[in-house]
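Trainee:
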């Protein structure tokens, strides 16, 4: 995938959605956005109980899914911390967590951003949300002994799913 390439999305949640890549894969991120993991790393570590990008793999590089932990049904044993970590999409919508043309939420936005799509208004919203998510790292640091990666596993799984370091 390269700059100026147009991606057409046809999956269960979007049909005919098109976007243009204006940056190289994994390049030209906003200066205040420094994700800890790539989408590929996140998928291989186990996120969203294995039930996330299952029907939209054709939109993203095949290499992202070579080691991905996916499942036809939600499976907490796929998650890095073996903890329930997802809510129904309806909850996300009710809480106003879905922005712009990314009906699957933050991780879909991040995958598209990582790929090279740039949408200034949506990017600003999602980067602000990502930065605010560091509060969970603060809670882990305040309440867990250093090196105890089993303390607060739900918050650690959430950090992973937002591309922050959960192993702090």
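Numbering (our numbering), first residue to last: 401 to 568. The C-beta atom is built at its ideal place from N, Cα and C for all residues, glycine as well. Just so you know, these numbers come straight off a predicted model, no measurement behind them.
(1) Starting from residue 538, follow the alpha helix (DSSP H) in both directions and report where the run begins and ends.
(2) Which residues in the same chain as residue 437 place their Cβ atom closer than 6 Å to its Cβ, once the five residues preceding and following it in sequence are excluded?
(3) Using a Cβ-Cβ cutoff of less than 6 Å, which residues in the same chain neighbour residue 416 once the five nearest sequence positions on both sides are dropped?
(4) Given the structure, does residue 540 come close to the ligand SAH, in the sense that its CB is under 8 Å from one of the ligand's heavy atoms?
(5) Starting from residue 418, trace the beta strand (DSSP E) in both directions and tell me its first and last residue.
(6) At the level of alpha carbons, what is the spacing between residue 545 and residue 483?
(7) Kindly indicate which three-state DSSP category residue 407 falls into: helix, strand or coil?
Mentor: Concretely, from the data shown:
(1) Taking the first residue of the chain shown as position 1, residue 538 is located at position 138. Run containing residue 538: 535-543, per the alpha helix (DSSP H) assignment.
(2) Start at 1 with the first residue of the chain shown, and residue 437 comes out as number 37. Excluding sequence neighbours, residue 437 sits near 563.
(3) Counting from one through the chain shown, the residue named residue 416 turns up at place 16. No residues qualify anywhere along the chain.
(4) Among the components of this structure there are no ligands whatsoever, and the ligand SAH is therefore not found.
(5) Position 18 of the chain shown holds residue 418. Residue 418 -> beta strand (DSSP E) spans 415-420.
(6) Residue mapping note: residue 545 aligns to position 145 of the chain shown, counting from 1. Residue mapping note: residue 483 aligns to position 83 of the chain shown, counting from 1. Approximately 20 Å, taken between the alpha carbons.
(7) Numbered from its first residue, the chain shown carries residue 407 at position 7. In the structure shown, residue 407 sits in a strand (DSSP, three-state: E or B).
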